[in-house]
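Visitor:
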Amino acid sequence: MNFAPVPELIEELRAGRMVVIVDDEDRENEGDLIMAAELVKPSDINFMVTHARGLVCLSLTRERCAQLGLAPMVRNNTAQFQTNFTVSIEAAEGVTTGISAYDRAHTVRTAVRPDAKPQDLSQPGHIFPLISQPGGVLTRAGHTEAASDLPMLAGLEPAGVLVEVLNPDGSMARRPQLEVFAREHGLKMGSIADLIAYRLANEHTVERVDEREISTEFGPFTLVTYRDRIAHDLHFALVRGTADPATPTLVRVQVENPLADLLHWQRDDFGVAATDALRAMRRSGR
Numbered sequence: 001m002n003f004a005p006v007p008e009l010i011e012e013l014r015a016g017r018m019v020v021i022v023d024d025e026d027r028e029n030e031g032d033l034i035m036a037a038e039l040v041k042p043s044d045i046n047f048m049v050t051h052a053r054g055l056v057c058l059s060l061t062r063e064r065c066a067q068l069g070l071a072p073m074v075r076n077n078t079a080q081f082q083t084n085f086t087v088s089i090e091a092a093e094g095v096t097t098g099i100s101a102y103d104r105a106h107t108v109r110t111a112v113r114p115d116a117k118p119q120d121l122s123q124p125g126h127i128f129p130l131i132s133q134p135g136g137v138l139t140r141a142g143h144t145e146a147a148s149d150l151p152m153l154a155g156l157e158p159a160g161v162l163v164e165v166l167n168p169d170g171s172m173a174r175r176p177q178l179e180v181f182a183r184e185h186g187l188k189m190g191s192i193a194d195l196i197a198y199r200l201a202n203e204h205t206v207e208r209v210d211e212r213e214i215s216t217e218f219g220p221f222t223l224v225t226y227r228d229r230i231a232h233d234l235h236f237a238l239v240r241g242t243a244d245p246a247t248p249t250l251v252r253v254q255v256e257n258p259l260a261d262l263l264h265w266q267r268d269d270f271g272v273a274a275t276d277a278l279r280a281m282r283r284s285g286r
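Quick look at the structure:
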């Protein structure tokens, strides 16, 4: 069974349907059912617990968890893949014991309402939130991040319900069993690797935010500032002169090293200091 293209997976989530998403064999090597949280119905929860059999979780962004007052379950996360659980939740109103398919679907929809607040939830409960890393699968190649990214790409709230797919004997379903599962239930199947490639090909993760002329002891330069949209870090480019396609252009990628760049500490393992690179640019003219 071939993986469905990412645009098809996005359309499935937009339509309120589930997909099977697998990660790499050298990671967890498992498949999860994923669907958009804001569209979940009691019948979806019932399908997940009946046929997938894993733990029903809710992927939320860090901002949404802050909005709901959800803190990590533990201070020191020693889980193998750093899966970031919060304390489990229940809707504060509209549920009975919290375990029924209706109650769990209601809890999910309550948590992802745009105006949801901490008072709308109680803890502990029967839904297990997971904190998705900023940047999604571009930061961490996990099912948690895929479950937030796919609804986001579908134009929905970046929150997803996910559950691991187990075999009938309780063992973890691997690729061959997942293909059978997907065919039996008419589900499309995709991979986190394809989702990463799709986002890299279709999104600009770095933006140019400023450009200005500056004067330095090494002569005039154009200072161009870029911002990483995922980590929000700033990166700077110093440009001298105009590049000529017919002539080699001196390029230096400088790793920040205060000991070498500010104190001019000379050590072989420090590499080229920023001042030495700027002098070389002055000599070359570009």
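Mapping the sequence shown onto full-length UniProt numbering, position 204 (from 1) lands on 204, and the numbers just tick up by one.
For each residue, glycine too, the CB sits at the ideal point set by N, CA and C.
1) Could you tell me the boundaries of the beta strand (DSSP E) in which residue 210 lies?
2) By alpha-carbon positions, which one of 150, 62, 206, 97 ends up nearest to residue 16?
3) Determine whether the beta carbon atoms of residue 40 and residue 48 lie at a separation below 7 angstroms.
4) How would you call residue 270, buried or exposed, if buried means at least 16 neighbouring beta carbons within 10 angstroms?
5) Are residue 121 and residue 89 closer than 7 angstroms when you measure CB to CB?
6) Residue 196 and residue 135: beta carbons closer than 7 angstroms?
7) For the alpha helix (DSSP H) containing residue 131, name the first residue and the last one.
8) Using only alpha-carbon positions, find the residue among 162, 219, 248 that is nearest to residue 240.
9) Can you tell me which of 124, 264, 36, 65 puts its alpha carbon nearest to the alpha carbon of residue 87?
10) Please name the residue or residues paired with residue 256 in a DSSP beta bridge.
11) Express the C-alpha separation of residue 205 and residue 223 in angstroms, rounding to a whole number.
12) Could you check the C-alpha separation between residue 22 and residue 175 for me, to the nearest Å?
13) What span of residues does the alpha helix (DSSP H) with residue 107 cover, start to end?
14) Could you compute how far the alpha carbon of residue 148 sits from the alpha carbon of residue 155?
15) Report the option in 101, 92, 159 whose CA atom is closest to the CA atom of residue 46.
16) Which same chain residues end up closer than 6 angstroms to residue 53 when comparing Cβ atoms and leaving out the 5 residues on each side of it in sequence?
17) Beta carbon of residue 42, beta carbon of residue 105: below 7 angstroms?
18) Look at the alpha carbon of residue 26 and the alpha carbon of residue 232, and state the distance between them as a whole number of angstroms.
19) Would you decide whether residue 108 is buried or exposed? Buried here means 16 or more other CB atoms lie within 10 Å of its CB.
20) Considering only residues of the same chain and omitting the five flanking positions on each side of residue 146, which have a CB-CB separation below 7 angstroms?
21) Jot down the residue ranges of each uninterrupted beta strand (DSSP E) in the stretch 19-85, minimum 3 residues, whole runs only, in chain order.
22) Please classify residue 170: is it buried, with 16 or more other beta-carbons within 10 angstroms of its beta-carbon, or exposed?
23) Rounded to a whole number of angstroms, what is the C-alpha to C-alpha distance between residue 261 and residue 282?
24) Can you tell which of 76, 116, 188, 259 has its C-alpha closest to the C-alpha of residue 9?
25) Going by other Cβ atoms of all chains shown within 10 Å of its Cβ, with 16 needed for buried, is residue 256 buried or exposed?
26) Any idea what DSSP makes of residue 89, helix, strand or coil?
27) Exposed or buried, what is residue 186 when buried is set at 16 or more other beta-carbons lying within 10 Å of its beta-carbon?
28) Put residue 171 into one of helix, strand or coil per three-state DSSP.
Guide: Result, derived from the coordinates:
1) Within the sequence shown, numbered from 1, the residue matching residue 210 stands at position 210. Counting along the chain, the beta strand (DSSP E) containing residue 210 begins and ends at 206-216.
2) On the sequence shown, residue 16 is found 16 positions in, with the first residue counted as 1. Comparing Cα-Cα distances from residue 16 to each of 150, 62, 206, 97, the minimum goes to 150.
3) As a first step, residue 40 is located in the sequence shown; it is residue number 40 there, counting from the start. As a first step, residue 48 is located in the sequence shown; it is residue number 48 there, counting from the start. With contacts defined by Cβ atoms closer than 7 angstroms, residue 40 and residue 48 do not form a contacting pair.
4) Walking along the sequence shown from the start, residue 270 turns up at place 270. Within 10 angstroms of the beta-carbon of residue 270 lie fewer than 16 other beta-carbons, which makes it exposed.
5) For the purposes of this step, residue 121 is taken as the residue at position 121 of the sequence shown. For the purposes of this step, residue 89 is taken as the residue at position 89 of the sequence shown. Contact flag set, yes.
6) Start at 1 with the first residue of the sequence shown, and residue 196 comes out as number 196. Start at 1 with the first residue of the sequence shown, and residue 135 comes out as number 135. Pairing residue 196 with residue 135 gives a Cβ-Cβ distance that is not under 7 angstroms.
7) Here the question's residue 131 lines up with position 131 in the sequence shown. From DSSP, residue 131 is part of no alpha helix (DSSP H) but of the beta strand (DSSP E) over 121-132.
8) Here residue 240 corresponds to residue number 240 of the sequence shown, with the count starting at 1. Nearest C-alpha to residue 240: 219.
9) The count along the sequence shown starts at 1 and reaches residue 87 at position 87. In terms of Cα proximity to residue 87, the closest of 124, 264, 36, 65 is 124.
10) In the sequence shown, residue 256 corresponds to position 256, counting from 1. Within the DSSP secondary-structure output, residue 256 pairs in no beta bridge.
11) For the purposes of this step, residue 223 is taken as the residue at position 223 of the sequence shown. For the purposes of this step, residue 205 is taken as the residue at position 205 of the sequence shown. One Cα belongs to residue 223, the other to residue 205, and the distance between them is close to 20 angstroms.
12) Counted from its first residue, the sequence shown places residue 22 at position 22. Counted from its first residue, the sequence shown places residue 175 at position 175. As the crow flies, the alpha-carbon of residue 22 is around 8 angstroms from that of residue 175.
13) Position 107 of the sequence shown, counting from 1, holds the residue named residue 107. Unbroken alpha helix (DSSP H) run through residue 107: 101-111.
14) For the purposes of this step, residue 148 is identified with residue 148 of the sequence shown, where counting begins at 1. For the purposes of this step, residue 155 is identified with residue 155 of the sequence shown, where counting begins at 1. Note on geometry: alpha-carbon atoms of residue 148 and residue 155 lie some 11 angstroms from one another.
15) Indexing the sequence shown from 1 puts residue 46 at position 46. Minimum Cα distance to residue 46 is reached at 101.
16) In the sequence shown, the residue the question calls residue 53 occupies position 53. So the list reads 166, once near-sequence residues are dropped.
17) Taking the first residue of the sequence shown as position 1, residue 42 is located at position 42. Taking the first residue of the sequence shown as position 1, residue 105 is located at position 105. Their beta carbons are under 7 angstroms apart, which means residue 42 touches residue 105 by this criterion.
18) Your numbering for residue 26 matches position 26 in the sequence shown. Your numbering for residue 232 matches position 232 in the sequence shown. Roughly 30 angstroms separates the two Cα atoms.
19) Here residue 108 refers to the residue found at position 108 when the sequence shown is read from its first residue. Around the CB of residue 108, 16 or more other CB atoms lie within 10 Å, so the residue is classed as buried.
20) Counting from one through the sequence shown, the residue named residue 146 turns up at place 146. Cβ within range, chain order: 21, 34, 137, 192, 195.
21) Listed in chain order, the complete beta strand (DSSP E) runs (minimum 3 residues) inside the stretch 19-85 are 19-22, 31-36, 57-61.
22) Numbered from its first residue, the sequence shown carries residue 170 at position 170. Classification of residue 170: exposed, given that the 10 Å Cβ count is below 16.
23) Here residue 261 refers to the residue found at position 261 of the sequence shown. Here residue 282 refers to the residue found at position 282 of the sequence shown. Looking at the backbone, the Cα of residue 261 and that of residue 282 are separated by about 17 angstroms.
24) Translated into the one-based positions of the sequence shown, residue 9 becomes position 9. The option with the nearest alpha carbon to residue 9 is 188.
25) Taking the first residue of the sequence shown as 1, we reach residue 256 at position 256. Residue 256 is exposed by the Cβ-count criterion.
26) On the sequence shown, residue 89 is found 89 positions in, with the first residue counted as 1. DSSP places residue 89 in strand when its eight states are reduced to three.
27) Position 186 of the sequence shown, counted from the start, is the residue given in the question as residue 186. That one is exposed.
28) As a position in the sequence shown, residue 171 is number 171, starting the count at 1. Collapsing the DSSP output to three states places residue 171 in coil.
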